[in-house]
Each structure stands twice: as C-alpha cells, then as structure tokens.
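Number of protein chains: 2
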Amino acid sequence: MNQKNGIINKLRTSGLRPTKQRILLAQNLFIRNKTFHFTVEKLEKEINKNGNEKVSLATIYNTVEAFTKAGYLKEILTSKNKSYYDTNIKSHHHFYDETTKELTDINYNQVKLNKLPTPPKGKKIKSFEVVIRIQK
Amino acid sequence: MNQKNGIINKLRTSGLRPTKQRILLAQNLFIRNKTFHFTVEKLEKEINKNGNEKVSLATIYNTVEAFTKAGYLKEILTSKNKSYYDTNIKSHHHFYDETTKELTDINYNQVKLNKLPTPPKGKKIKSFEVVIRIQK
DNA sequence: TTTTTAGTTTATAATTATTCTAAACTATAA
DNA sequence: TTATAGTTTAGAATAATTATAAACTAAAAA
Ligand SMILES: [Mn+2]
Ligand SMILES: [Mn+2]
Ligand SMILES: [Zn+2]
Ligand SMILES: [Zn+2]
Numbered sequence: 001m002n003q004k005n006g007i008i009n010k011l012r013t014s015g016l017r018p019t020k021q022r023i024l025l026a027q028n029l030f031i032r033n034k035t036f037h038f039t040v041e042k043l044e045k046e047i048n049k050n051g052n053e054k055v056s057l058a059t060i061y062n063t064v065e066a067f068t069k070a071g072y073l074k075e076i077l078t079s080k081n082k083s084y085y086d087t088n089i090k091s092h093h094h095f096y097d098e099t100t101k102e103l104t105d106i107n108y109n110q111v112k113l114n115k116l117p118t119p120p121k122g123k124k125i126k127s128f129e130v131v132i133r134i135q136k
Numbered sequence: 137m138n139q140k141n142g143i144i145n146k147l148r149t150s151g152l153r154p155t156k157q158r159i160l161l162a163q164n165l166f167i168r169n170k171t172f173h174f175t176v177e178k179l180e181k182e183i184n185k186n187g188n189e190k191v192s193l194a195t196i197y198n199t200v201e202a203f204t205k206a207g208y209l210k211e212i213l214t215s216k217n218k219s220y221y222d223t224n225i226k227s228h229h230h231f232y233d234e235t236t237k238e239l240t241d242i243n244y245n246q247v248k249l250n251k252l253p254t255p256p257k258g259k260k261i262k263s264f265e266v267v268i269r270i271q272k
C-alpha cells in the first residue's frame, strides 16, 4: 500500500490524476526489475490478460502518451511502423535483433563515441541514440 | 540513353524486370547528387507531379520495397509511425531535427565509436546507426 | 515472329496502428 | 455535498500499409 502511494505521488507531481487505470498501468510499468520494451498492443495484452478489470485500448494509448510526456517512458527508434516504448529512460542504446525483432538494452558506457559531429548552426545536440543491428 | 541502359542493367542484375515504372523511379532516385530522405507519400508526390504518366501508389510501395531488398535504398530508423527511406546506402548517421522533423546525413567518419559492445552469444553485429537529436 | 509464361501494375478492398469524438464517469475543488 | 474539470470508454474516423485479382507486358519458348 506504500508503493501505491509512491505511484500516486509520482502521478500527482506530473499533474496526472491518479485514476484506477493510471495506477494499474504505472504499477505494471514502473515496478519492474528488468527493462521492458513494448508496443501498445503488447502492453494491452499484458494488462488485460488476468482477472484485472479491463482497461480500454484508448486509455492505454492516452496513458502511454501521458507517461512519455511526463518523462516516465521513452519512445524508441525503430524501422517498423509501430511505436515502441522503453521503461528505461536513462540514456542508453540498443541491440536490434533482425531475426527475432527484439530490442535489448546496451549499457550506456558499453558504447563510447569519441567524436560527435558539430550540429548545424543554431541547433544543439539534445541526445543521441545508437542502434546496433545483430543477426545470427 | 546510356544512363538509362545503366539503370536497366542494374535492375536486371537484381532480377527486377526493367518496366517503365521501375525505370522512372530508378531515374528519380538513383541519379541524384544529394541524398534524398523520403517517405512513400513524398516520393509519390514527386513522381506524379509533372506530365509524367502516373505511377500507382501500390507500385511505388512495391518498388521501394524491391529496391530496398536489392540494397539500392536503405530504411531509416525513426520514431514516427511511417517508413522513411534513404538513397544513401553507405553506412552513415543522421541528425534528426525535432522541430522540423527533418533528417540530415552525417558523414560516416564524423562519428567515431571507440567502443562497440560484444553482441549476445551466437549473434553478430551487422551494422549500427547513430541518430543525434537536435533542437534550437 | 507469334505464342506462351510468368512477372508486374493497377484500382480497390482489407488490414493495422493510431487518433478523434462525445457521452458517461470520477477525482478533486468549492 | 455539489460543481467542475479532467478522464475513460466504445466506437467512428483517419492514416499507412498490405492484399487481391484482373488487366497488362517483358521475356522465354516455339
Ligand atoms: Mn518507426
Ligand atoms: Mn501505421
Ligand atoms: Zn532500452
Ligand atoms: Zn541519410
């Protein structure tokens, strides 16, 4: 009941009312010991599989967007025409397995850039992301 | 008429019949002096704007896919739920302008990785791609 | 050459991912 | 309490892409 309070505060902090649905999603997403890379479809299946009262797909879309805007989730670069999200919001990189289409985290300091290009005039670098494609 | 023969040979080499539509698209895509980053929608507008006889949208999808499989185009990583392609098939990286949503090439040796992680067992690194997000 | 064939193009339908809408609901402020 | 504004929801709408199947055409066979 205290982990739940933590989540409620976290939501309030970002101006998000702690509704039943948001709390359920936050518990599922933020209390994991392993990074979760997911699509809305995948999350929906996971949320709505058990006896949990169902959360509508529209709400899952809304909530994932709200959590992303609040900085609690990160959208991942892919070449599929489907959005992927990441519960690991720290700056880090990915292996993308072309066979299984699975993403795996690479620790930030396992990839070192020793040369970053100068951005175009008037622009500055906000972040960068490396995707390493792997195969059998 | 010789550039056209070059294209016809290129197509034949990949087992693609040099149809009127494929030749038109190949001329538009492969004979450029500047990299072209595009979506199918953007390409369709460009192809079908002039007096050119129209090429159907389905054919543009099919052809872009065929050219990508043949290695004449490359698909780019993005976070939009729309596919982006690149006429620059050499290994290189991109600036992604979050404001204008435009991609710009970064020369391959303007980005240097001095540390690449070891891939998971049984897998090997095929390629890697860096996207640098920029902003005002 | 003509004929055959297999591959290709096309309009259009179907599918998939996502966003929109507006009515019912609910957390919180009054 | 009651009012208000934010939220959820089913379902409709839209956007991107893929599938279908008939008409067409490049290349192979005759
Ligand atoms: Mn994408
Ligand atoms: Mn889509
Ligand atoms: Zn990750
Ligand atoms: Zn490029």
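Protein chains in written order, with the working numbering: chain A, 1 to 136; chain B, 137 to 272.
The beta-carbon is built from N, C-alpha and C at its ideal position, and this holds for glycine as well.
Just so it is clear, the structure is predicted and the values come from calculations on it, not from any experiment.
Supposed contact pair A/T59 and A/L73 - C-beta distance, whole angstroms, cut 8 Å: With a Cβ gap of about 15 Å, A/L73 and A/T59 do not count as contacting.
For A/T78 and A/Y85, believed in contact at Cβ under 8 Å, the rounded distance: Wrong, their Cβ atoms sit about 11 Å apart, outside the cutoff.
Proximity test, A/T146 beta-carbon vs ligand 1 heavy atom, cut-off 6 Å: No statement about residue 146 of chain A is possible, as the shown extent of chain A runs from 1 to 136 and does not include it.
C-alpha gap between B/P154 and A/T19, whole angstroms: Each residue's Cα considered, the two are about 59 Å apart.
Own chain, CB closer than 7 Å to B/L152, minus 5 neighbours either side, in chain order: Within the same chain, B/L152 has close Cβ partners R158, A202 and A206.
Close-in-space but distant-in-sequence residues of the same chain around B/F174 (CB under 6 Å, 5 per side omitted): Excluding positions up to five away in sequence, the list reads Y221.
Test item: CB-CB of A/L25 and A/E44 under 7 Å: No. Outside cutoff.
Cβ-based contacts, 8 Å cut-off: residues of the segment 47-66 of chain A near chain B: Residues passing the 8 Å Cβ filter: none.
Under 8 Å by beta carbon: chain A residues contacting B/S219: Under the 8 Å cutoff, chain A gives S79 and N81.
Opening and closing residue of the alpha helix (DSSP H) in which B/I183 lies: Residues V176 to I183.
B/T171 CB to nearest heavy atom of ligand 4 below 6 Å: It does: the Cβ of B/T171 is within 6 Å (strictly closer) of some heavy atom of ligand 4.
Check: A/N109 C-beta below 6 Å from any heavy atom of ligand 5: For the structure depicted, ligand 5 is absent and the ligand set comprises only ligand 1, ligand 2, ligand 3 and ligand 4.
Extent of the continuous beta strand (DSSP E) to which A/E75 belongs: Segment K74 to I76, the beta strand (DSSP E) holding A/E75.
Within chain B, the residues that A/E44 reaches when beta carbons sit closer than 9 Å: Taking the beta carbon of A/E44 as reference, no residue of chain B falls within 9 Å; the closest one sits roughly 16 Å away.
Member of B/Q163, B/N245, B/K237 and B/K216 whose CA lies at the smallest distance from the CA of B/N188: Checking every option, the nearest Cα to that of B/N188 belongs to B/Q163.
Neighbourhood of B/K185 by C-beta, 8 Å cutoff - its chain only, sequence neighbours within 5 removed: For B/K185, same chain residues with a beta-carbon under 8 Å away, outside a window of 5 residues either side, do not exist.
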